[in-house]
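Each residue of the sequence shown is one higher than the last, beginning at 77 in this note's numbering. Backbone N, C-alpha and C define an ideal beta-carbon position, used for all residues, glycine too.
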Amino acid sequence: MESILEVKELKKVFGEFTALGGVSFELYKGETFGLVGESGSGKSTIANIIVGIHSPSSGGVIFKKKELWKNNKYNCNEYGKIQIVFQDPRSSLDPRMTIKSIVSEPLLAFPKEIRREKGSRENLVKLIKSVGLQEQHLDRYPHEFSGGQRQRIAIARAIITEPEILILDEPTSALDVSVQAQILNLLKDIQREKHMTYLFISHNMAVVKYISSRVGVLYKGEFVEMGNSKQIFDCPEHDYTKKLISSILG
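If you want it as structure tokens, here you go:
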């Protein structure tokens, strides 16, 4: 399998709290890597470092053989190739902006010709329909939509730049169970069509089992187990992994 991103001995310290104790893993092209663990295990910290929100205390992130962090500065030369969808679409969508403006916002950093092409009405209509919404929705505002629809809008915004890696940070945890399934199936369809690589972050083991090809289990900023999804769920080795899996059965 072809490696597209490598996390090497990544450490992050906030004051006296060590959020990450030196974690390492790779993402392979076209896979869904599930990153699981309870709240505070370091999952979102990893995501935030990969997309440039937080800087690492030490260690590094290599995207397509290039370091993303150099001298404490984020250096992603291929803008838009790593995107993120956050947990709560209500807080991640600006209520003052139309859906058209929200979805096309990532294009503002691109040259004019690319903004014109990808941000054209025709392209936006095609994009919004690909996530299960309609053309008329482009001219509305976030408060006019349900939670599931808002997450579809957030996904459209993330994929408008045609990313190679999509980080999904608890993308279904704020949604009803029936809506969760719809969003997960949408993500599978998008991945199949666009050949994206997913880093799927969740504390919900049932969701991770459904969508992931490989799984890494985080506990207090360290990996305690990693392997393909079937191996992790059928034959877990670590007690913490067994505890998480038992939560599926209630």
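Within 10 Å of its beta-carbon, does residue i have 16 or more other beta-carbons around it, so buried, or fewer, so exposed?
i: GLU281; result: Reading the sequence as shown, one finds Met at residue 281 and not Glu. So MET281 counts as buried.
i: ARG233; result: buried
i: TYR274; result: buried
i: HIS271; result: exposed
In whole angstroms, what separates the C-alpha of residue i from that of residue j?
i: GLU78; j: GLU240; result: 13 Å
i: ALA95; j: VAL137; result: 16 Å
i: SER249; j: SER288; result: 16 Å
i: LEU294; j: LYS176; result: 37 Å
i: ILE277; j: GLU301; result: 15 Å
i: LYS119; j: GLY292; result: 10 Å
i: ILE321; j: GLU193; result: 46 Å
i: GLY135; j: PHE93; result: 17 Å
i: THR317; j: GLY110; result: 13 Å
i: VAL201; j: LYS140; result: 31 Å
i: VAL363; j: THR174; result: Residue 363 cannot be examined here, being either before or after the span of the chain that is shown, 77 to 326.
Cα-Cα, which of the options is closest to residue i?
i: ASP245; options: SER100, GLY113, GLU189; result: GLY113
i: ILE231; options: PHE186, LYS205, LEU103; result: LYS205
i: SER100; options: ILE122, VAL127, GLY91; result: ILE122
i: ASN124; options: GLN159, GLU107, GLY110; result: GLN159
i: ARG216; options: GLY106, LEU169, GLU313; result: LEU169
i: LYS285; options: ILE324, LYS149, GLY208; result: ILE324
i: LYS87; options: THR273, TYR104, PHE299; result: PHE299
i: GLY116; options: LEU144, LEU184, PHE90; result: PHE90
i: VAL332; options: ILE126, GLY106, LYS105; result: The chain is shown only over 77 to 326; residue 332 falls outside these bounds and no answer can be derived.
i: THR108; options: ILE308, ARG290, HIS314, LYS296; result: ARG290
i: GLY98; options: LEU81, ASN199, SER133; result: SER133
Mind checking who residue i pairs with in its DSSP beta bridge?
i: ASN327; result: No statement about residue 327 is possible, as the shown extent of the chain runs from 77 to 326 and does not include it.
i: THR108; result: TYR274
i: ASN304; result: ARG290
Fully enclosed by the region 175 to 235, which alpha helix (DSSP H) runs are 4 residues long or longer? The qualifying runs are 175 to 180, 188 to 194, 197 to 206, 223 to 235.
Start-end ranges of the alpha helix (DSSP H) lying completely within the region 149 to 174, minimum 4 residues: Segments of the alpha helix (DSSP H) lying fully in the region 149 to 174: 165 to 168.
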